[in-house]
Structure formats: C-alpha cells, structure tokens
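Here is the structure we will look at.
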Amino acid sequence: MNEKTTIDSLEIISEMAKVSKLTNKINDKFYKRFKLTRIQFTALGFLYVVGETGYSLSEISEKLDITKPSASTLIDRMVKLSMVERVSNKEDRRRIRIIITSYGKEIMEEALKLNEEFKKKSLSFLTEEERLTFYKLLLKIKNNLIKDYEE
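Numbering (the UniProt record's numbering) for the sequence shown: 1 to 151.
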C-alpha cells in the first residue's frame with residue numbers, strides 16, 4: 001500500500017467531519033439507551049457535577065447556549081422524567097434552582113461507567129505519545145479557527 005506524502009487540506013477537513021458525524025451517531029445511540037436527547041444529557045451532566053447547589057434557569061441557558069424559553073421547556077421535560085426538580089429558595093420564592101434528583105444521579109452514574117468504556121476503546125489503539133500529539137494538533141486547529149473566524 002502506498003503511503004501519501006502530501007495531503008490536501010480539504011481531505012483532512014472531510015475526514016474530521018466524518019469522524020465528528022460518526023462520534024455524534026455513536027453518542028446519539030448512547031443517549032437513546034437512557035431515553036435522553038443530547039441536550040438533556042448535557043444538562044443532566046452539568047447538574048450532576050454542580051450537585052446540591054444546582055443552577056438557575058438563566059445559568060442553564062447560558063451553559064447550554066440556548067434561549068431561556070428553550071431552557072425552560074427542556075427543564076419541564078426533565079422534571080416530567082423525574083431527573084431534575086425545581087426548588088424554591090426559602091428566603092425568596094421567586095428564586096428557583098434546578099437540582100438533579102436521585103434518579104437523575106443514578107442515570108448519570110450508569111452513563112459515566114459506560115462512557116468510560118467508550119473512551120478507553122475509542123482511542124486505545126493509539127500510543128500515549130500519539131494521543132498527546134493528536135490532542136496538541138486538535139488544539140492547534142481549534143485555536144487557529146477561533147483566531148481566523150471568531151474575531
């Protein structure tokens with residue numbers, strides 16, 4: 001098999017897009033296992049990490065980069081699924097925190113175990129040195145894209 005000595009940038013970008021699409025497909029299957037959407041899983045993850053302090057609806061909307069009405073709809077659905085609850089502040093009932101329930105924690109703990117397996121399998125064929133090089137290259141690409149297109 002002949003190894004390429006040069007490669008067009010478009011080919012690299014195309015392969016990156018394919019890897020991203022494949023990763024999203026695998027992740028979507030993962031979320032479906034828990035009857036969650038990607039954004040529900042992400043929100044649940046944020047709430048799992050922050051613990052008992054929870055987040056306000058505004059904080060959730062900011063973290064997920066969605067509008068407050070979208071965040072409200074998302075949380076309504078998650079409350080119906082018993083994954084999170086709205087808790088009023090004792091001093092000011094207008095202030096509401098969104099907190100993960102014990103059921104939501106169970107889901108996240110199971111998901112984290114499975115996710116750990118996925119992470120091990122997905123890059124296990126690379127040496128530690130190759131992973132480090134790959135990571136540095138990804139950061140370099142990301143930072144260059146930010147510099148060139150987000151300023």
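For glycine and all other residues, C-beta sits at the position ideal for the given N, C-alpha and C.
Quick check: the Cα distance between residue i and residue j, rounded to an integer number of angstroms?
| i | j | result |
| --- | --- | --- |
| Glu62 | Thr73 | 15 angstroms |
| Ser102 | Leu64 | 22 angstroms |
| Lys121 | Thr127 | 13 angstroms |
| Ile12 | Phe125 | 20 angstroms |
| Phe41 | Lys136 | 28 angstroms |
| Ser20 | Glu129 | 22 angstroms |
| Leu145 | Lys32 | 32 angstroms |
| Leu36 | Phe134 | 30 angstroms |
| Glu116 | Glu85 | 27 angstroms |
| Glu150 | Asn143 | 10 angstroms |
| Arg77 | Leu22 | 27 angstroms |
| Asp8 | Met16 | 13 angstroms |
| Leu10 | Ile141 | 14 angstroms |
| Arg93 | Val79 | 18 angstroms |
| Asn24 | Asp148 | 25 angstroms |
| Asn89 | Glu109 | 27 angstroms |
| residue 152 | Pro69 | Shown here, the chain extends from 1 to 151; a query on residue 152 therefore has no answer. |
Tell whether a beta-carbon distance below 8 angstroms holds between residue i and residue j.
| i | j | result |
| --- | --- | --- |
| Phe34 | Ala111 | yes |
| Ile39 | Leu57 | no |
| Ile100 | Val87 | no |
| Phe30 | Leu114 | yes |
| Tyr48 | Lys119 | no |
Can you look up residue i in the DSSP assignment and give me helix, strand or coil?
| i | result |
| --- | --- |
| Arg86 | strand |
| Arg33 | helix |
| Arg95 | coil |
| Tyr66 | With the sequence shown as reference, residue 66 is identified as Ile, and Tyr is not the correct amino acid for it. Looking at Ile66 - three-state DSSP - the assignment turns out to be coil, as it is neither helix nor strand. |
| Ile100 | strand |
Just confirm the distance between the C-beta atoms of residue i and residue j, as a whole number of angstroms; I'd bet it's less than 8 angstroms.
| i | j | result |
| --- | --- | --- |
| Ile26 | Ala43 | About 20 angstroms; that fails the 8 angstroms criterion. |
| residue 152 | Gly54 | With the chain covering 1 to 151 only, the question about residue 152 has no answer from this structure. |
| Met83 | Ile66 | With 8 angstroms as the limit, Met83 and Ile66 do not qualify as a contact, their Cβ atoms being about 17 angstroms apart. |
| Leu123 | Arg131 | 6 angstroms |
Q.
Restricting to runs no shorter than 3 residues, where is the beta strand (DSSP E) found entirely within the region 121–146?
A. none
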